[in-house]
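Taking it in order: structure first as structure tokens, then the write-up.
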Amino acid sequence: MLSLTPSISSAKNSSAPRTIPVAPRLGEGTVGAEILFRRDREPDPRVVKDPHRLPPGQVLTQKWPVLSYGSPPRYDMTRWRLRLYGEVDVPATLTWNDVGTLPSTTLTADMHCVTTWSRLDNDWEGVAFKDLVALVKPRGEAKYVIAHCDADYTTSLPIEVLADDDVLIAYRHDGAALTPDHGGPLRLVVPKRYAWKSAKWLEGLEWVQHDRLGFWERNGYNNAADPWKEERYW
126 MLSLTPSISS AKNSSAPRTI PVAPRLGEGT VGAEILFRRD REPDPRVVKD PHRLPPGQVL
186 TQKWPVLSYG SPPRYDMTRW RLRLYGEVDV PATLTWNDVG TLPSTTLTAD MHCVTTWSRL
246 DNDWEGVAFK DLVALVKPRG EAKYVIAHCD ADYTTSLPIE VLADDDVLIA YRHDGAALTP
306 DHGGPLRLVV PKRYAWKSAK WLEGLEWVQH DRLGFWERNG YNNAADPWKE ERYW
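Take 126 as the starting number for the sequence shown in my numbering and just add one per residue.
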């Protein structure tokens, strides 16, 4: 086992349970849509140039709406850990400082939320998923990765989706440290899937042989989550 830190403990300032709401349906969580979205403006030139850039059923926003199942956790970063484990040859437990020593990758990508908003040209900085793969060396039988997050939230993705060059674990957005509201200190970024697959408050990645449905998937969201196929709900 690769251990970049002498301790594998992980803790937050508060472990109080939070109420988990029912998964929102299409359009919920978008109060003030006339302010958030570009319904009454001229067409965005980026979409005029490439109409396929905006998936069906999506509306552009210049803002970055905050949608999540609970309030952001408060981490003690001296005790924060990211576990990389499961069907891998070299399991690893990373401290926050360890994450900062890994190769840094920058990426500009669009984000598409299942609640119908899209935000173009997000600038991300973090660690490419392929660099994590090189670190832990997944076994041949590993077919999926489970993202483990705060409050036992999980979501899963096939390894072939995560193999894309635009997948990373991000700690910066648009030139600034990723804020807790948007998943900081660390979140998964998977631009080719609806944004709930880009899990906030990442605490672990588990390579597994068989898929396991995550929180939103068990509450009605489509596990495939392809925006261009409008795979929103089961």
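Cβ atoms here follow ideal geometry from the backbone N, Cα and C, with glycine treated the same way. All figures in this text were calculated on a predicted structure; none of them were measured in a lab.
Scanning 178, 270, 254 and 273 for the CA closest to the CA of residue 295 turns up 254.
With 16 or more other CB atoms across the displayed protein chains lying within 10 angstroms of its CB, residue 328 is buried. Here residue 202 is exposed. Its C-beta has fewer than 16 other C-beta atoms within 10 Å.
For residue 320, there is no enclosing beta strand (DSSP E), as DSSP marks it with neither H nor E. In this structure, DSSP gives residue 248 an extended state, which the three-state scheme calls strand. Counted as a single uninterrupted DSSP element, the beta strand (DSSP E) harbouring residue 235 occupies residues 230-237.
Per DSSP, residue 338 is not a residue of any beta strand (DSSP E), being assigned neither H nor E.
One thing to note: residue 213 has its Cβ no nearer than 7 Å to the Cβ of residue 326.
Under the DSSP assignment, residue 332 falls outside any alpha helix (DSSP H), being part of the beta strand (DSSP E) whose first and last residues are 327-333.
The three-state secondary structure of residue 293, taken from DSSP, is strand. The continuous alpha helix (DSSP H) containing residue 259 extends over residues 254-261.
For the pair residue 282 and residue 171, the CB atoms are not nearer than the 7 Å cut-off. If you check the CB distance, residue 270 and residue 330 come in under 7 Å.
Where residue 213 is concerned, there is no enclosing alpha helix (DSSP H), because DSSP gives it neither an H nor an E. Separation of residue 338 and residue 318 (C-alpha to C-alpha, rounded to the nearest whole angstrom) is 15 Å. Between the C-alpha atoms of residue 266 and residue 169 there is a straight-line separation of about 44 Å. Note: residue 270 is bridge-paired with 282 and 332 in the DSSP secondary-structure output.
If you ignore the 5 residues before and after residue 231, its C-beta comes within less than 8 Å of the C-beta of 248, 249 and 250, all in its own chain and listed in chain order. Rounded to whole angstroms, the separation of the alpha carbons of residue 352 and residue 177 is 11 Å. Annotated three-state conformation of residue 303 is coil, per DSSP.
Of all alpha-carbon atoms in 229, 272 and 236, the one lying nearest the alpha-carbon of residue 252 is that of 229.
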